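See below for the structure under consideration.
Protein chains: 2
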Amino acid sequence: MTDRRQTPPDANRRSEASRRAILMAAFELVGEVGYARLSIEGIAARAGVGKQTIYRWWPSKGAVLFDAFLSLSEGQEGDAALPDTGDLEADLKEVLRATVAELTDPRFDEPMRALNTEIATDPELAARYAEQLEEPMKELKKTRLRKAQEAGQLPADLDLDVAVDLLWGAVHRRWLYRSGPLTSDYADAVVKTALTGLYAR
Amino acid sequence: MTDRRQTPPDANRRSEASRRAILMAAFELVGEVGYARLSIEGIAARAGVGKQTIYRWWPSKGAVLFDAFLSLSEGQEGDAALPDTGDLEADLKEVLRATVAELTDPRFDEPMRALNTEIATDPELAARYAEQLEEPMKELKKTRLRKAQEAGQLPADLDLDVAVDLLWGAVHRRWLYRSGPLTSDYADAVVKTALTGLYAR
């Protein structure tokens, strides 16, 4: 995946340290004060840098937060793959339980809501999100489902985009609207119901 | 459903006219300028009322927009029910196609994104949204699914909340992230795949 983030042309060890401090500060602060009260000034103070250092690299607090998320996933790409034990249901349950655990982790909940807010209303950020986070993640999910197709567990003509939307859309919607308990049991029920279908068998 | 919105105690015909003008102005304006640039001043100017008239009834632009949505669904409750021809798949496709049509209607797309943004970050508004819009809608959906259970088309032990999340979560996620074409064909594929399941039959 090509790195298209804005980085300083003279990036050296010191500016890399500042960059990391800024991203960590943005991530921590949004969890503490919420997105509405997150400010470039606040991030700068927490990171121990000047405001201008931030504005030199990022146009907005949304852009800083986005890169903070991107940095969390850095270095995970080499061996990133969904579990494949051959038991599709067990593997998907493990993955959706991990998704639930992350979405309900207080350290992630507020920053992810903030990122969702920005994505919903900022088409440019939405495009970067799709390209750099959503699409690579979706490919991992589809790769696992494709293996199940090859093993004859899923029909060859299954629309994998629809499958991904069904599995993760349910969990995501419940998280975003806080419309019910978001638990491991719920993750299991989503996987089981999506795999076997609503119809009586 | 009890109406718990803030309404003036001396609500008469004239203030009702002002209220409707304000709600319509908020709905139109957010579609034109986006939520970030929506302001109480702008709404007041468009509605032909003073700012104080708005602040007397609503604490924020988010609250105005929320009531604008609520007023759209007013008077629809008496005969609101999902279609029931006995053909569950056809009925659900009709409903999800209508959902897709609304989400992709330019008059609704931007206001609904704005409302989603507010709901994701404002727990109080999220609670009102759940109580006054989401839950009543969800009950209609579950009522239709319950009829299918009674007809033996769906298993009696199906978790209807999971079923609703699967069907509408997929469509909602694709809309919010603009992660793929949101079309009638997509609505049909979601219904068919959710009903029959991902597994090969």
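First to last, the protein sequences are chains A and B. Numbering of the first sequence is given in UniProt numbering, commencing with residue 1 and proceeding in unit increments. Numbering of the second sequence is given in UniProt numbering, commencing with residue 1 and proceeding in unit increments. Glycine included, every Cβ here is placed at the ideal spot set by N, Cα and C. Note that this is a predicted model, so its numbers are computed, not measured.
* Asked: For the alpha helix (DSSP H) that V49(B) lies in, which residues bound it at each end?
  -> Here V49(B) belongs to no alpha helix (DSSP H), and DSSP marks it neither H nor E.
* **Residues that I40(A) contacts on chain B, provided the C-beta gap is smaller than 9 Å** => Per Cβ cutoff of 9 Å: no residues; I40(A) is ~16 Å from chain B at best.
* Asked: Ends of the alpha helix (DSSP H) at D165(A)?
  -> Note, D165(A): alpha helix (DSSP H), L160 to Y177.
* Output, in chain order, the set of chain B residues within a Cβ distance shorter than 9 Å of Y55(A). => Identification of chain B residues near Y55(A) by a Cβ-Cβ cut-off of 9 Å yields none; the smallest Cβ-Cβ distance measures about 19 Å.
* Does D161(B) have its Cβ less than 7 Å from a Cβ in chain A? -> yes
* Closer than 7 Å, Cβ to Cβ, to anything on chain A: give me those residues from the stretch 123-134 of chain B, in chain order. => A126, A130 and E134
* Using three-state DSSP, classify D87(B) as helix, strand or coil. => coil
* Nearest chain B C-beta to A21(A) closer than 7 Å, yes or no? -> Interface residue (Cβ-Cβ distance to chain B less than 7 Å): A21(A) is not classified as such.
* To do: Kindly indicate the opening and closing residues of the alpha helix (DSSP H) around Y186(B).
  => S184 to T196
* Does DSSP put G152(B) in a helix, a strand or coil? -> Reduced to three states, the DSSP call for G152(B) is coil.
* Asked: Which whole-angstrom value describes the C-beta separation of L176(A) and A36(B), a residue pair presumed to lie in contact below a C-beta threshold of 8 Å?
  -> With a Cβ gap of about 20 Å, L176(A) and A36(B) do not count as contacting.
* To do: Output the boundary residues of the alpha helix (DSSP H) element that contains L29(B).
  => R13 to V33
* Starting from D109(A), follow the alpha helix (DSSP H) in both directions and report where the run begins and ends. => P106 to T121
* **Within 7 Å, strictly: CB atoms of V115(A) and F69(A)** => First, the residue type needs correcting, since residue 115(A) is Leu and not Val in the sequence shown. Yes.
* Beta carbon proximity, R113(B) to chain A, threshold 7 Å -> For R113(B), the answer is yes, since a Cβ of chain A falls inside 7 Å of its Cβ.
* Applying the criterion that 16 or more other CB atoms from any shown protein chain within 10 Å of the CB defines a buried residue, is R20(A) buried or exposed? -> exposed
* Does G48(A) come within less than 7 Å of chain B when only Cβ atoms are used? -> Judged by the 7 Å Cβ criterion, G48(A) is not in contact with chain B.
* Is A127(B) buried or exposed, if buried means 16 or more other CB atoms sit within 10 Å of its CB? -> Exposed.
* Run of the alpha helix (DSSP H) containing G180(A), from where it starts to where it stops -> Where G180(A) is concerned, there is no enclosing alpha helix (DSSP H), given that its DSSP letter is neither H nor E.
* To do: Note down, in chain order, all residues in the stretch 23-36 of chain A with a beta-carbon under 9 Å from any beta-carbon belonging to chain B.
  => G34, Y35 and A36
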